[in-house]
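Residue numbers (our numbering): 107 to 357.
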């Protein structure tokens with residue numbers, strides 16, 4: 107399949123060597139008929155162990171190294187080893203190489219059209235690029251594939267809100283809450299939708315409800331402070347503003 111056509115450059119092979127890898131990644135690229143017994147396959151790390159190594163590199167933000175490890179796994183593993191391909195797409199996406207990530211996600215979906223993880227990643231990629239109509243199609247398909255999951259409804263609600271369809275967005279977000287009352291971020295997103303419709307009291311209630319289940323939400327604290335401040339309820343707004351500043355990631 108398309109996802110298996112991964113080439114490792116000489117510099118990438120050196121990175122692998124520096125990480126302690128030996129094995130046959132390059133071996134699979136030799137011309138047909140070439141002697142293939144020169145590589146000791148037993149020296150290759152198992153795919154799962156190698157994937158864990160890549161995840162560790164991703165967590166350390168060592169993305170180029172993680173990319174090389176994942177390319178090795180993809181080059182050597184059968185097409186059914188989908189997780190390594192999705193991780194590779196994620197690493198590419200985190201490095202801003204969105205087109206390459208899109209190719210990988212689409213290749214997985216060509217093989218497995220109902221793979222929920224691939225749908226999640228491709229839909230999110232489209233949404234990130236502002237390709238909302240394409241994102242919505244993906245999220246709608248995700249709901250068909252996984253009707254009891256809250257995440258696709260949440261994603262669809264966010265996309266519809268960005269398209270300026272607050273009624274549909276509200277329905278999807280409320281559906282997400284019905285499926286998972288503790289899903290983080292849904293009530294905050296619902297508050298945003300209500301706020302844009304001028305339904306300030308309902309928006310405030312939604313932000314307050316979000317903080318009951320997700321007390322460390324920077325967005326909920328900040329938006330609640332904004333709405334309360336807009337109503338001149340400054341004494342109530344100040345602690346939420348202060349908490350948003352305290353919780354906000356430091357650059």
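Every residue gets a Cβ at the ideal spot worked out from N, C-alpha and C, and that includes glycine.
Alpha helix (DSSP H) segment containing residue 227, residue limits: Counting along the chain, the alpha helix (DSSP H) containing residue 227 begins and ends at 222-234.
Same chain only: Cβ atoms within 7 Å of residue 252, ignoring 5 sequence neighbours per side: Result list for residue 252: 222, 258, in chain order.
The alpha helix (DSSP H) enclosing residue 275, as first and last residue numbers: Here the alpha helix (DSSP H) through residue 275 covers 272-285.
Cα-Cα separation between residue 289 and residue 182, rounded to whole angstroms: Going from the Cα of residue 289 to the Cα of residue 182 covers about 38 Å.
Nearest-angstrom Cβ-Cβ length linking residue 197 and residue 176, presumed shorter than 8 Å: Residue 197 to residue 176, Cβ: 6 Å. Contact.
Proximity of residue 180 and residue 190 at Cβ, strictly below 9 Å: The answer is yes: Cβ separation under 9 Å.
Within 9 Å, strictly: CB atoms of residue 265 and residue 231: Their beta carbons are not under 9 Å apart, which means residue 265 does not touch residue 231 by this criterion.
Where residue 289 sits in the DSSP three-state scheme: Residue 289 falls in the coil class under three-state DSSP.
Residue from 355, 226, 328 whose Cα sits closest to the Cα of residue 348: That would be 328, whose Cα lies nearest to the Cα of residue 348.
Residue 298 beta carbon less than 9 Å from that of residue 267: Contact: yes.
Neighbourhood of residue 163 by C-beta distance below 7 Å, restricted to the same chain and skipping five residues each side: Within the same chain, residue 163 has close Cβ partners 171, 172, 175.
Pairwise C-alpha distance: residue 246 and residue 240: Within the model, the alpha-carbon separation for residue 240 versus residue 246 is close to 10 Å.
Length of the line joining the Cα atoms of residue 331 and residue 313: If you take the alpha carbons of residue 331 and residue 313, they lie about 10 Å apart.
Sequence-distant residues of its chain with Cβ nearer than 6 Å to residue 345 (five each side left out): Answer for residue 345: no residue qualifies.
Residue span of the alpha helix (DSSP H) that contains residue 255, given as start and end: Where residue 255 is concerned, there is no enclosing alpha helix (DSSP H), given that its DSSP letter is neither H nor E.
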